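Worksheet for the structure shown next.
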Amino acid sequence: RSTDRHGAWLVRCATFGGQRRHRFISQSGGLPSEVGLQIRAPANGTVAVAGAPIGPSPAEATAPPGFVRVGAKLKDKTVSRWIPAFGDAVVDLPRN
145 RSTDRHGAWL VRCATFGGQR RHRFISQSGG LPSEVGLQIR APANGTVAVA
195 GAPIGPSPAE ATAPPGFVRV GAKLKDKTVS RWIPAFGDAV VDLPRN
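So in the working numbering, the last spot in the sequence shown is 240, and the numbers never skip.
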């Protein structure tokens, strides 16, 4: 966590595919007020972002920065994931 109250750094452990050395660069200006999400898959699903219905996929939406729940309802099931959206992101949800 930052000592100047400007957030935290998220890093992946080297054992699980992260780098052995990390270089932390402070981003002056902070996070944007909203980020753009482009949900490309699964095709023909009904998309929801943070619980709000968006429409059929592919779809575009905006959300506050942070971890955002993105889901798609298919004929036979619903898939959803938490997406790290700290900038504009393209989302391809799996069909399973």
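From the three backbone atoms N, C-alpha and C, an ideal C-beta is built for every residue, glycine too.
Being a predicted model, the structure only gives us computed values, none of them experimental.
Beta carbon of residue i nearer than 8 Å to that of residue j
{"i": "residue 227", "j": "residue 201", "result": "no"}
{"i": "residue 176", "j": "residue 197", "result": "no"}
{"i": "residue 189", "j": "residue 217", "result": "yes"}
Residue range of the beta strand (DSSP E) that includes residue i
{"i": "residue 224", "result": "222 to 229"}
{"i": "residue 207", "result": "203 to 207"}
{"i": "residue 181", "result": "179 to 185"}
{"i": "residue 236", "result": "233 to 236"}
{"i": "residue 195", "result": "Element bounds for residue 195: n/a, residue is neither H nor E."}
{"i": "residue 210", "result": "210 to 217"}
Supposed close pair residue i, residue j - CB separation, criterion 8 Å
{"i": "residue 231", "j": "residue 179", "result": "6 Å"}
{"i": "residue 237", "j": "residue 207", "result": "Actually they do not touch by this definition, with Cβ atoms about 15 Å apart."}
{"i": "residue 192", "j": "residue 212", "result": "Not quite, the Cβ-Cβ distance comes to about 11 Å (not below 8 Å), so this is no contact."}
Outcome for residue i when other beta-carbon atoms lying within 10 angstroms are tallied against a minimum of 16
{"i": "residue 235", "result": "buried"}
{"i": "residue 187", "result": "exposed"}
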